[in-house]
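Read through the structure below, which is laid out as structure tokens, and then see the notes.
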Amino acid sequence: MRLFSGPRRAALEQAVRRLREGAAIDEVVSSLPVGVTGPLLARHAPPPVAAPGPPVPGLYLCPVGACNRAEQRYAGQGPPECLVHERVLTFVPDA
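Position 70 of the sequence shown, counting from 1, maps to 55 under the numbering used here, and the rest follow consecutively.
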């Protein structure tokens, strides 16, 4: 949220508050103006600095089960975080 200010930041903060209260993600995202969702939904990878290490066996999932986010982590990286719930994603090891 550090990238937003003014009305866009207020809209995003209100959306995050609704998500924390349990609102459906699709409903919240569809209610946001394009000026807010455009940058959030665009995926831009940073330029590679070094090759990532091997993948850690397992996935990181939404910490409260509110969405279907699943992230792979690689050796040398920290665990992924959920900025909505301000928590690290839950690790589920491979069976």
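Each residue gets a CB set at the ideal place from its N, CA and C atoms; glycine is no exception.
Residue i and residue j look like a contact to me (Cβ under 8 Å); what is the Cβ gap, rounded to whole Å?
i, j, result
"V41", "A60", "6 Å"
Can you grab the Cα-Cα spacing for the pair residue i / residue j, in whole Å?
i, j, result
"P64", "A51", "18 Å"
"P(-8)", "Q(-1)", "10 Å"
"I10", "G38", "32 Å"
"G81", "V49", "In the structure as shown, the chain begins at -14 and stops at 80. Residue 81 is therefore absent and cannot be evaluated."
"R58", "H70", "19 Å"
"D79", "V1", "31 Å"
"G7", "A36", "38 Å"
"V77", "L46", "7 Å"
"L4", "V13", "7 Å"
"A(-4)", "Q62", "31 Å"
Just mark residue i as buried or exposed, buried being the case when its beta carbon has 16 or more other beta carbons within 10 Å.
i, result
"L68", "exposed"
"V21", "buried"
"M(-14)", "Reliability of the predicted coordinates at M(-14) is poor, the pLDDT of 47 falling under 50, and the value obtained from them is presented with this limitation in mind. Exposed."
Let me check you understand the geometry: is the CB of residue i closer than 6 Å to at least one non-hydrogen atom of the ligand SAH?
i, result
"P40", "Annotation note on the ligand SAH: not contained in the displayed structure, which lists no ligands."
Q | Residue ranges of each alpha helix (DSSP H) within the stretch -10 to 63, 4 or longer | A | The qualifying runs are -9 to 5, 10 to 16, 19 to 26.
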